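S.K.:
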Amino acid sequence: MRTITLSNGDMVEVDCLSCALTSGTVEPEGGVIAETEHFHAHQDVAYPIRGLVIVASKRHIKGLDELTEDEQQDYITFLTKIRKAQRETLGIEHVYYFYNEDTTHHFHLWMVPRYDWMYEFGRSVESVRPVLLHARENEKDHAHVLEGIRLLTEGLKE
Ligand SMILES: [Zn+2]
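The sequence shown lines up with residues 0 to 157 when you count with numbering that gives the first Met the number 0.
1. Taking 8 Å as the cut-off, decide whether the C-beta atoms of Val-25 and Leu-5 are in contact.
2. Ignoring anything shorter than 4 residues or poking outside the stretch 78 to 140, list the alpha helix (DSSP H) runs there in chain order.
3. Would you check whether ligand 1 has a heavy atom nearer than 7 Å to the C-beta of His-104?
4. Since Thr-4 is in the beta strand (DSSP E), which residue starts that stretch and which ends it?
5. With C-beta atoms as the reference, is Trp-158 less than 8 Å away from Tyr-96?
6. Is there a Cβ of chain C sitting closer than 8 Å to that of Leu-145, yes or no?
7. Nearest to Met-0 by alpha carbon, out of Ala-19, Leu-132, Thr-67?
8. Is Ser-17 a contact residue of ligand 1, with contact defined as CB to any heavy atom under 7 Å?
This is how it looks when you write it as structure tokens:
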């Protein structure tokens, strides 16, 4: 078991945060953006970037090559829908995708929108971590981030 501090300050004990989120044991701040039979999308508001989406599998797996054929189809269709909603409802022109298999959670992909201010940290993969930390330390407008979640959630219902 690991103790995780949620963004609202509550502490929960979970074996795997991704399992806790996708099963509904832990409610992400801002709620569930969308879900399918095999995947679940939410935002980690600890990194307050408007339009950032985390897509986690519902099964406790770590590797891309563990996805069944059904899950593979569901995954790419779901990612494409989310990407489209980011573009259409929030005007997000570019997204960075980050996924690591040696996670302490389980299979989850970060879809990180690219905004102009991020280019001061460089381009490509080396800028991702500094961008996330910068957002965590400097972005205090949570209402703006929560509004982004709401717009994406509505956009994905259509
Ligand atoms: Zn898990």
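Even for Gly, the Cβ is constructed at its ideal location relative to N, Cα and C. The structure presented is a predicted model; accordingly, all values stated were derived computationally and were not measured.
M.R.: With the structure as the only source:
1. Residue numbering aside, residue 25 sits at position 26 when the sequence shown is read from its first letter. Residue numbering aside, residue 5 sits at position 6 when the sequence shown is read from its first letter. Yes; because the gap between Cβ atoms is below 8 Å, this pair is in contact.
2. Correct list: 127 to 137.
3. Stepping through the sequence shown from its first residue, residue 104 is reached at position 105. Yes, Cβ of His-104 sits closer than 7 Å to a heavy atom of ligand 1.
4. Here residue 4 refers to the residue found at position 5 when the sequence shown is read from its first residue. Per DSSP, Thr-4 belongs to the beta strand (DSSP E) from 1 to 4.
5. Since the first and last residues shown for the chain are 0 and 157, residue 158 lies out of range.
6. Note that chain C does not occur in the displayed structure, where there is just one protein chain.
7. Position 1 of the sequence shown, counted from the start, is the residue given in the question as residue 0. Shortest Cα-Cα distance from Met-0 to any of Ala-19, Leu-132, Thr-67 involves Ala-19.
8. For the purposes of this step, residue 17 is taken as the residue at position 18 of the sequence shown. It does: the Cβ of Ser-17 is within 7 Å (strictly closer) of some heavy atom of ligand 1.
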